[in-house]
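Beneath this line is the structure, given in structure tokens, with notes to follow.
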Amino acid sequence: DTEVTQTPKHLVMGMTNKKSLKCEQHMGHRAMYWYKQKAKKPPELMFVYSYEKLSINESVPSRFSPECPNSSLLNLHLHALQPEDSALYLCASSQEGTSVEQYFGPGTRLTVT
Amino acid sequence: GQQLNQSPQSMFIQEGEDVSMNCTSSSIFNTWLWYKQDPGEGPVLLIALYKAGELTSNGRLTAQFGITRKDSFLNISASIPSDVGIYFCAGPSTSGTYKYIFGTGTRLKVLA
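Just so you know, the protein sequences line up as chains A and B, in that order. When you read off a place in the first sequence, starting at 1, and then add 984, the result is the number in our numbering. When you read off a place in the second sequence, starting at 1, and then add 28, the result is the number in our numbering.
Now the structure itself:
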């Protein structure tokens, strides 16, 4: 099973709202990722968690706040977003150490109004 | 910095035709991965390559790890309408295995 699930599938939020994106995997992977993808562009890395600890933050604005409550779950908390933050947000996971293969979820399509 | 360039940028083909696309870099990669992304969905891993010269198949897909380690190729035989999508190559950055460098993508459209 190489499934990563993400909820919600679609999200529309105003610039003053607070919302969260959720990601889950049950493959025993200990590295989890958040990516942002704009139309017709490759995914851009935002955050990496390794063993539930934040390992990489690609200089992402603080209005995006990641959280890894346990080894299977990854959240992305959103607050005071801008219209330019509208994008497809992808979660991915990989085995630690031995493999570079990342498995992606279906994404959350976020629209900021 | 490291970059991956894919060609062609887009292609329109007839159903049943074979497809070839490639991914090139000015720097060496030790791993090449090929992903397919359908509109509004996440990328799906198709093939992973770990050794220079390696040729790996997954159904109608065949990918090769170039001998120079600076390129990789993906071929699709007997294309079908569900092959439509964007194909990305990717490889781990020299700054760490967590960080992928993604190619610019090849957009494939299949005409029935």
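Ideal Cβ placement from N, Cα and C applies to all residues, glycine included. Note that the structure is predicted; figures quoted are calculated from it, not measured.
Are the C-beta atoms of residue i and some chain B residue less than 8 Å apart?
i: A/E1068; result: no
i: A/G1012; result: no
i: A/L945; result: Outside the shown range of chain A (985 to 1097) lies residue 945 of chain A, about which nothing can therefore be said.
List the endpoints of the continuous beta strand (DSSP E) containing residue i.
i: A/E1008; result: K1002 to Q1009
i: A/P1053; result: F1048 to N1054
Quick one: is residue i near chain A, going by C-beta distance under 8 Å?
i: B/P120; result: yes
i: B/P93; result: The residue asked about is misnamed: residue 93 of chain B is Phe in this sequence, not Pro. No, its Cβ sits nowhere closer than 8 Å to a Cβ of chain A.
i: B/G44; result: no
i: B/G87; result: no
Determine the chain A residues that contact residue i at a beta-carbon separation under 7 Å, and present them in chain order.
i: B/F116; result: P1026
Between residue i and residue j, what straight-line distance do the alpha-carbon atoms span, to the nearest angstrom?
i: B/F101; j: B/L89; result: 10 Å
i: A/T991; j: A/C1007; result: 7 Å
i: A/K1003; j: A/L1058; result: 14 Å
i: B/E82; j: A/V996; result: 45 Å
i: A/A1015; j: A/S1049; result: 17 Å
i: A/L1065; j: A/A1071; result: 12 Å
i: B/Q34; j: B/S121; result: 17 Å
i: A/V1044; j: A/Y1019; result: 11 Å
Along chain B, in chain order, which residues have C-beta atoms closer than 8 Å to that of residue i?
i: A/G1091; result: G68, E69 and G70
Give the interface partners of residue i over in chain B, defined as CB-CB distance under 7 Å, in chain order.
i: A/A1015; result: Y126
By the criterion of Cβ-Cβ separation under 8 Å, what are the contact partners of residue i in chain A?
i: B/F130; result: P1026 and P1027
Under 9 Å (Cβ pairs) to chain B, residues found in the stretch 1025-1047 of chain A: K1025, P1026, P1027, E1028, L1029, V1032, S1034, S1039, I1040 and E1042
Going along the chain, which residues of the stretch 59-75 of chain B sit with their C-beta nearer than 9 Å to a C-beta in chain A? T59, L61, Y63, Q65, G68, E69, G70, P71, V72 and L73
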